[in-house]
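Q: Everything in the sequence shown is counted per my numbering, starting at 2 for the first residue and increasing by one. A single structure is presented below for examination.
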Amino acid sequence: MHKTAANPLNYSYYMHKIPVMKKKIVLAYSGGLDTTVIVPWLKESYDCEVVAVCGDVGQEADWAAMEKRALSSGAQKFIRLDQKEEFVSEHLWALVKAGSPYEKKYLLGTSAARPLLAKGLAQVALAEGAHAVAHGCTGKGNDQVRFELGIKAFAPEMEVIAPWRIWDIQSREEEIEYLEKRGIPVPMKKSDSYSRDDNLWHISHEGLDLEDPANEPRLEGMLKMSVPPEKAPDKAEYITLGFEKGIPVSVNGKRLNPVSLVKTLNKIGGAHGVGIVDMVENRVIGMKSRGVYETPGGTIIMEAHDKLEQLCLDKKTLSFKLTVAQRFAEILYEGEWFSPLCKALCAFVDSTQNVVTGTVTLKLFKGSIIHAGASSPYSLYDASLASFTTGPLFSHRDSTGFINLFGLPTKVRARLEARIAKDGSASGPDVVKPGSSGYTAPAGD
Numbered sequence: 002m003h004k005t006a007a008n009p010l011n012y013s014y015y016m017h018k019i020p021v022m023k024k025k026i027v028l029a030y031s032g033g034l035d036t037t038v039i040v041p042w043l044k045e046s047y048d049c050e051v052v053a054v055c056g057d058v059g060q061e062a063d064w065a066a067m068e069k070r071a072l073s074s075g076a077q078k079f080i081r082l083d084q085k086e087e088f089v090s091e092h093l094w095a096l097v098k099a100g101s102p103y104e105k106k107y108l109l110g111t112s113a114a115r116p117l118l119a120k121g122l123a124q125v126a127l128a129e130g131a132h133a134v135a136h137g138c139t140g141k142g143n144d145q146v147r148f149e150l151g152i153k154a155f156a157p158e159m160e161v162i163a164p165w166r167i168w169d170i171q172s173r174e175e176e177i178e179y180l181e182k183r184g185i186p187v188p189m190k191k192s193d194s195y196s197r198d199d200n201l202w203h204i205s206h207e208g209l210d211l212e213d214p215a216n217e218p219r220l221e222g223m224l225k226m227s228v229p230p231e232k233a234p235d236k237a238e239y240i241t242l243g244f245e246k247g248i249p250v251s252v253n254g255k256r257l258n259p260v261s262l263v264k265t266l267n268k269i270g271g272a273h274g275v276g277i278v279d280m281v282e283n284r285v286i287g288m289k290s291r292g293v294y295e296t297p298g299g300t301i302i303m304e305a306h307d308k309l310e311q312l313c314l315d316k317k318t319l320s321f322k323l324t325v326a327q328r329f330a331e332i333l334y335e336g337e338w339f340s341p342l343c344k345a346l347c348a349f350v351d352s353t354q355n356v357v358t359g360t361v362t363l364k365l366f367k368g369s370i371i372h373a374g375a376s377s378p379y380s381l382y383d384a385s386l387a388s389f390t391t392g393p394l395f396s397h398r399d400s401t402g403f404i405n406l407f408g409l410p411t412k413v414r415a416r417l418e419a420r421i422a423k424d425g426s427a428s429g430p431d432v433v434k435p436g437s438s439g440y441t442a443p444a445g446d
């Protein structure tokens with residue numbers, strides 16, 4: 002039988018008319034050199050369409066120029082996700098309440114943003130019906146772990162493509178050559194620029210002279226949010242922060258929304274050279290790296306929050322919370338924001354913050370933060386107890402019995418060590434062994 006267009010058995014006719022859908026890959030796009038190269042590389046390597054996605058977490062960016070760059074490099078479309086409010090309210094405030102610097106210094110600016118960016122990336126990929134997501138993280142860095150754990154949390158079956166782990170490009174010079182051969186504008190040709198990451202909370206600087214820890218950082222030519230402390234004003238500035246349940250809500254008596262509050266403190270703190278940290282840290286994969294971080298507003302907030310907790314939390318809660326804070330910082334640094342343990346620790350931290358309400362005044366001067374007073378309706382500080390004057394709630398005589406009991410283990414240990422030093426043995430007239438005369442088993446044995 003002859004097959005015609007009217008005959009449904011003529012499969013070749015219909016297959017010729019049905020367009021073949023290309024694969025779609027969603028790329029975490031920053032507009033920098035790496036991701037500008039990755040767009041055409043993905044298209045050539047996977048014969049796919051590329052959707053460039055950038056999360057707006059408060060970084061300095063020319064968004065119109067970024068979109069133009071993404072499209073000119075071959076992306077099908079560019080999507081900007083406004084994540085600033087969620088970044089502060091859900092991620093940064095959790096960090097503040099936990100009181101969690103990583104390895105004593107790093108206020109986790111990049112670490113706090115990556116899970117949110119990964120979440121947005123995964124959600125766009127699912128909505129677009131993408132076959133895979135891609136990112137520009139290197140095989141040496143922390144961000145590859147943070148991005149991919151976040152993607153697994155929201156799109157567990159999604160393929161992840163990490164070009165730096167599979168392509169043949171080895172250097173920035175080769176990346177530039179790759180773009181120039183294809184007639185794609187190069188976003189940055191300077192070889193003397195630090196590697197930077199910025200958002201509403203901080204900016205980091207890595208590379209160049211910082212790769213040798215023996216070198217002093219050249220702050221004057223490096224800093225973006227701050228001035229070097231020696232260039233700060235010669236006059237101190239006082240600032241008062243208001244907190245409600247561990248969350249900062251006001252600056253100098255004026256209530257501000259979360260994003261505006263951080264921006265305001267960045268401006269104030271940056272002008273006084275506050276929050277500049279130079280540190281060598283341990284990356285997730287085990288190697289050490291050096292970076293300079295600017296976190297002016299965040300440093301002010303963390304200092305004020307810490308001061309308020311000193312007033313409002315009892316001794317044992319505060320002590321245990323310090324342990325939790327260290328573990329929380331490690332979890333966040335390692336990209337496990339969406340883990341059950343992180344959620345459990347956040348629940349504990351939240352339970353401690355119900356009383357962390359009040360005001361804290363700080364003095365800013367040439368890079369330093371000096372505490373200048375704090376008050377809270379939940380303060381556990383009692384002036385009548387702390388005073389050298391005897392009051393009705395405390396008798397100095399009570400301390401004798403307390404010290405006798407509190408110091409009993411120390412006294413027993415000292416007597417034993419003295420006997421060993423004298424006799425060369427722990428045995429003595431007051432050491433009675435089980436089975437000997439005079440031994441009585443404790444009640445309940």
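Virtual Cβ for every residue (Gly too), placed ideally from N, Cα, C.
Extract the residue ranges of the alpha helix (DSSP H) inside the stretch 377 to 425, only unbroken runs of 4 or more that lie entirely within it.
A: 384 to 387, 399 to 407, 409 to 424
Q: Beta-carbon within less than 6 Å of Ser426's beta-carbon, same chain only, minus the 5 sequence neighbours each way: which residues are those?
A: none
Q: Measure the alpha-carbon distance for Ser320 versus Lys141 and round it to whole angstroms.
A: 35 Å
Q: Using only the alpha-carbon positions, how far apart do Leu222 and Glu295 sit?
A: One detail in the question is off: residue 222 reads as Gly in this sequence, not Leu. The straight-line gap from Cα to Cα measures roughly 13 Å.
Q: Here's the rule: buried if 16 or more other CB atoms are within 10 angstroms of the residue's CB, otherwise exposed. What is Ile286?
A: Answer is exposed; the Cβ neighbour count stays below 16.
Q: Out of His206, Glu181, Val27, Glu104, which has the shortest C-alpha to C-alpha gap to Gly121?
A: Val27
Q: Check each candidate in Val293, Leu409, Gln311, Ser385 and name the one with the smallest Cα separation from Lys106.
A: For the options Val293, Leu409, Gln311, Ser385, the alpha carbon positioned closest to that of Lys106 is the one of Val293.
Q: Okay, do the stretch 246 to 258 and the stretch 69 to 84 touch, 3+ Cβ pairs below 8 Å being the bar?
A: no
Q: If Ile370 and Val252 are in contact, beta carbons under 8 Å, what's the gap, nearest whole angstrom?
A: Rounded, the Cβ-Cβ distance is 15 Å, inconsistent with contact.
Q: Cutting at 7 Å between CB atoms, please list the residues of its own chain near Asp307, excluding the five before and the five after it.
A: Gly100
Q: What residues are listed by DSSP as bridge partners for Glu50?
A: BP columns for Glu50 point to Lys25.
Q: Tell me whether the beta-carbon of Leu363 lies closer than 8 Å to the beta-carbon of Glu310.
A: no
Q: Answer yes or no: do Ile80 and Val38 have a C-beta to C-beta separation smaller than 8 Å?
A: With respect to Val38, Ile80 sits apart: the two C-beta atoms are not nearer than 8 Å.
Q: Taking 8 Å as the cut-off, decide whether the C-beta atoms of Asp35 and Asp57 are in contact.
A: Against a cut-off of 8 Å, the Cβ pair of Asp57 and Asp35 comes out as no contact.
Q: Alpha carbon to alpha carbon, what distance is there between Lys412 and Ile421?
A: 14 Å
Q: What does a CB cutoff of less than 6 Å around Trp338 pick up in its chain, not counting 5 residues either side in sequence?
A: Taking Trp338 as the centre and dropping the five residues before and after it, the same chain places the C-beta of Pro116 closer than 6 Å to its C-beta, in chain order.
Q: How is Ser101 classed by DSSP in three states: helix, strand or coil?
A: coil
Q: How would you label Ile302, buried or exposed, when you count the other beta carbons within 10 angstroms and need 16 or more for buried?
A: buried
Q: Please decide whether Ile269 counts as near chain C, where near means a Cβ-Cβ distance under 8 Å.
A: Reference to chain C is not applicable here, since this structure consists of a single protein chain.
Q: From what residue to what residue does the alpha helix (DSSP H) around Asp351 run?
A: 341 to 353
Q: From Leu365 to Glu238, what distance separates their C-alpha atoms?
A: 5 Å
Q: Run through DSSP, which three-state label would Asn283 get?
A: strand
Q: Do the stretch 147 to 154 and the stretch 178 to 185 make contact, defined as three or more Cβ pairs closer than 8 Å?
A: no
Q: Considering only the alpha carbon of each residue, which of Gly299, Val228, Glu50, Asp279 lies closest to Glu207?
A: Asp279
Q: Compute the beta-carbon to beta-carbon distance between Tyr30 and Cys55, rounded to the nearest angstrom, for a pair I have assumed lies under 8 Å.
A: 5 Å
Q: Quick check on the burial criterion: 16 or more other C-beta atoms within 10 angstroms. Buried or exposed for Val134?
A: Classification of Val134: buried, given that the 10 Å Cβ count is 16 or more.
Q: Kindly indicate which residue of Ala348, Phe407, Gly336 has the alpha-carbon position closest to the one of Asp144.
A: Gly336
Q: Specify, as a first and last residue, the run of the alpha helix (DSSP H) that Arg115 falls within.
A: For Arg115, the uninterrupted alpha helix (DSSP H) segment begins and ends at 110 to 129.
Q: Could you check what DSSP says for Arg183 in three-state terms: helix, strand or coil?
A: coil
Q: Report the rounded CA-to-CA distance for Leu93 versus Leu417, giving the unit in angstroms.
A: 52 Å
Q: In whole angstroms, what is the alpha-carbon distance linking Leu108 and Leu201?
A: 13 Å
Q: Quick check on the DSSP output: the alpha helix (DSSP H) that includes Asp315 runs from which residue to which?
A: Note, Asp315: premise wrong, no alpha helix (DSSP H); not H, not E.
Q: Can you check whether the CB of Asn267 is closer than 8 Å to the CB of Gly298?
A: yes
Q: Is it buried or exposed for Thr358, if we count other Cβ within 10 angstroms and need 16 for buried?
A: buried
Q: Roughly how many whole angstroms lie between the Cα atoms of Ala1 and Lys255?
A: Past the edges of the chain, shown from 2 to 446, lies residue 1, and the structure says nothing about it.
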